[in-house]
C-alpha cells in the first residue's frame, strides 16, 4: 500500500511527459519543476531527448532506476509499462493520471485489474488511475492548479474526484486555508479514501502529522475501515470533515416496512459519520469553511459574541447561530457599561456588539479584551469588519491578528470586503490567518462543527442476550417473515419486553386464549402487511362475544390466515427498527411510533452495536423528544427502558445478521416500562 517511494521519492519519471503544458503529462512535469523537486527527475517520451529542460529517454531500457512513476499515456499501454518499471527499474510507486479504465468499459476494467496485480506482486503503491495525482511537501505530483500553500499544519485532503479536489482547493485557498497533502484517488484501483485514511491513522505522529483531514467521497466501499480509522484519528486529537455525494433513496422505495422506507443509504452514511465524529458537509464551500474553523482553537461552549461595525451582517450571523443551536447571549452589567463608555455614541454592547462604521482599531481591541476577560458568558468571538473602500484598514487587521495570538477564546475573522480591501486581506492572510467572507456560511458551519458529537467508544458494552437461543431460531427459520411464535421467542431471547399475546386460527381457540391473557385486548390480523389499512386492528376488546365476532370478520380479510390477541396496554407509542444496509451492517432507528412515524418521519439512526449513552443521545436528538419526556400532564416514557430496548435490538443484529428488516411498531412506553405490542422481522440469508 502506501510506501516511502510514494511519499518521499528520491527519483521520479514522468511517463508521457511533454512540452505541451495543456496536457496532463506536460503540466505535471511543469508542476514538479516549479515545485523544485529535490530528487532526480526524468521523462520518458519516445520522440524527444529533452522535455522542458529535463532529459527524456526514448527507450525505457535506458532509464535509470526510479522510485515513482507518474504515468500519462494511453490506458492500453499502461500494463506493459508498469510491468517493465516494476521488474526492471525497481519502481515501487505509481500514479496513473490516464483515464480509460473501469470508469469507461469492461475492457478498461480488465486493464485496471492487471495493473493492480502487477503492483501488488512487488509490494508497490498505486494511486489512480483516472486521477489528478498526489501533492505533498516533497513533490507536486498533480497536473492541475492551484498548487496551494503547503504546511505540515495544514489539511490532509483525500478526494475520490480529481475535478472536485481542484474546486475544493479553489474554495479554500482564497480564504487562507493551507494544505499538508492532497491525494486524488480516482478509480481507487488499489487504494481508496479508506486505505489512505487507515495509513494516516496507523502512522499518526502527534508532533508532525496534520490534525485536520478533509474527505470527498463518492463511494464508501469499506465503511467499517472508515469508521475505525476516522474515529481513531479523532480520538488522537484530529478533526475530520467530509462530503459524501451520490447517496440514493431509490433502494428504499420498494421496502415493505416502516424501517425499510426510512432507512435509506444516506441515513446509513449519516449514522456512520455521526458514530465516527466526522462533520458531514453538503458542498465545497461548507467543507472549506469547516476546515477553516478546524484551524482555530476548539469552541468549548455555545455562547458567541458577535462584534461588528455593520448591522446587517451581524443580524444575519445572529440568526444563523441561533437557528442552529448556538447562543448570542445578552451582555449587560457594570463591565458592559464600562466598555460602552469607550465607544462612540450610538454604539451597543448588548450583543451583537456594534461599534458603528466609524469604529476604530483601538475600540475593537477594547471590545475583544472585554469579551476575553470580563464577560463570562462569552465562549468565542466572531468579528465582522469590512470597509466601504474610503480608507485602508491595515491597522484593524493587524490588531485582530495580534489579539488572535493573545486570546484563549477563539476569534473568527469575518472580513467581507474582498474587493474594497483586497490588499489588506491578503496582508492578513500572509500572516497565516484565515478569512470567513460570508457570515451565514460561517455561522452554519460553526454550528455544524459544535453539534457534531465526539466519536463513540472503541469498545461498546452490549447487553446480555441469549445468543444460543437466537442462533437456534435463526438457523431454523427460512427466508421471509418470522412466524409469530418464532418472533416471540426471538424477542424473549434478546430480552426485549413484549405484550402477552397469542395467535389462533379457530374461533374456539382464540376465545380460550382471550380468557388466558385477560381483558381488555387488542386483535390484529396475521398476514396483511399494513394491518390498519385493511381494517385488521381492533382495540379495547372487553368480552368473549366481541372476540368471536371480530375473529369471524377478520378472517374474511384478504391474505389473513390467523388472528393475534395481545394485552391492551396504555402509553405513548414509540418505534424501534433495524435494517441491514449493504456493506454498512445494520442500522437501528428510533422515534415516535404508530401513525406518527409515517407523518413526522422523525427518526434517529445509528449503526449496530449501540452503547447505552448513544441510545440516549438518539432519543434526545428527536424533534419529538418533548413528547417522550411528557408534556402537559402526559405520562412520560421511561427513557432508560427505551434506550435499553434500542441497545438490545442492536445486539440482536450482531448475533443474527440474517435479519434484513425489523419493526417494533409500536412499543408502548409509560413511566414504568416500554413494551413491544407489534413486531415484524424479515429474514434474508
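Numbering (the UniProt record's numbering), first residue to last: 1 to 685. Positions of the beta carbon are idealized from the N, C-alpha and C atoms, including for glycine.
- Of the residues 347, 410, 345, 313, the one whose Cα lies closest to the Cα of residue 386 is 313.
- Leaving aside the five residues that flank residue 480 on each side, the residues in its chain whose CB is nearer than 7 Å to its CB run, in chain order, 682, 683.
- Annotated as proximal: residue 305 and residue 375, with beta-carbon spacing under 8 Å.
- Assigned with DSSP and collapsed to three states, residue 662 falls in strand.
- DSSP places residue 216 within a strand segment (E or B) once states are collapsed to three.
- Of the other Cβ atoms in all chains shown, 16 or more fall within 10 Å of the Cβ of residue 494; this residue is therefore buried.
- Residue ranges of uninterrupted beta strand (DSSP E) with 3 or more members, entirely inside the region 17-47 and ordered along the chain, are 40-44.
- Shown here for residue 185: same chain residues with a beta carbon closer than 8 Å to its own, the five before and five after excluded, namely 127, 128, 131, 158, 159, 160, 191, 192, 193, 196 in chain order.
- The DSSP-derived three-state label of residue 239 is strand.
- Assigned with DSSP and collapsed to three states, residue 204 falls in coil, not helix or strand.
- Runs of alpha helix (DSSP H) with 4 or more residues, each lying fully within the region 269-355, are found at 284-294, 311-323, 334-341, listed in chain order.
- Between residue 268 and residue 155 the beta-carbon gap is near 26 Å, outside 8 Å, which marks them as no contact.
- Beta-bridge analysis with DSSP links residue 586 to 580.
- Under the DSSP assignment, residue 404 falls in the alpha helix (DSSP H) whose first and last residues are 394-406.
- Excluding residues up to 5 positions away in sequence, 300, 301, 303 lie with their Cβ nearer than 6 Å to the Cβ of residue 379 in the same chain.
- For residue 520, same chain residues with a beta-carbon under 7 Å away, outside a window of 5 residues either side, are 540, 541, 542, 568 in chain order.
- Per the coordinates, the alpha-carbon of residue 535 lies some 45 Å from the alpha-carbon of residue 218.
- One Cα belongs to residue 552, the other to residue 615, and the distance between them is close to 42 Å.
- For residue 59, the number of other beta carbons within 10 angstroms of its own is below 16, and it is reported as exposed.
- As a beta-bridge residue in DSSP terms, residue 150 pairs with 179.
- A direct Cα-to-Cα measurement between residue 92 and residue 122 gives close to 7 Å.
- Contact between residue 29 and residue 14 holds: their C-beta atoms lie close to 5 Å from each other, under 8 Å.
- In the structure shown, residue 369 adopts helical secondary structure according to DSSP, grouped into three states.
- By a beta-carbon distance limit of 8 Å, residue 119 does not contact residue 70. Their separation comes to about 14 Å.
- Taking each of 246, 270, 275, 216 in turn and checking the Cα distance to residue 229, the smallest one comes out for 275.
- Counting along the chain, the unbroken alpha helix (DSSP H) around residue 553 starts and ends at 544-554.
- In the three-state scheme derived from DSSP, where H, G and I count as helix and E and B as strand, residue 78 is classed as helix.
- If you draw a 10 Å sphere on the C-beta of residue 505, you find fewer than 16 other C-beta atoms in it, and that means exposed.
- In its chain, beyond the 5 residues on either side, 142, 182 have a beta carbon closer than 6 Å to the beta carbon of residue 135.
- Between residue 75 and residue 37, the C-beta gap is not smaller than 8 Å, which leaves the two residues out of contact.
- DSSP lists 587 as the beta-bridge partner residues of residue 607.
- Between the region 319-333 and the region 341-359, the count of Cβ pairs shorter than 8 Å is three or higher; the stretches touch.
- By the Cβ test, the region 458-468 is not in contact with the region 437-446, since fewer than three Cβ pairs between them sit closer than 8 Å.
- Note on residue 5: 16 or more other CB atoms within 10 angstroms of its CB, so buried under the neighbour-count rule.
- DSSP, read as helix, strand or coil, puts residue 439 in helix.
- Taken in chain order, the complete beta strand (DSSP E) segments of 3 residues or longer contained in the region 98-156 are 125-127, 133-136, 139-142.
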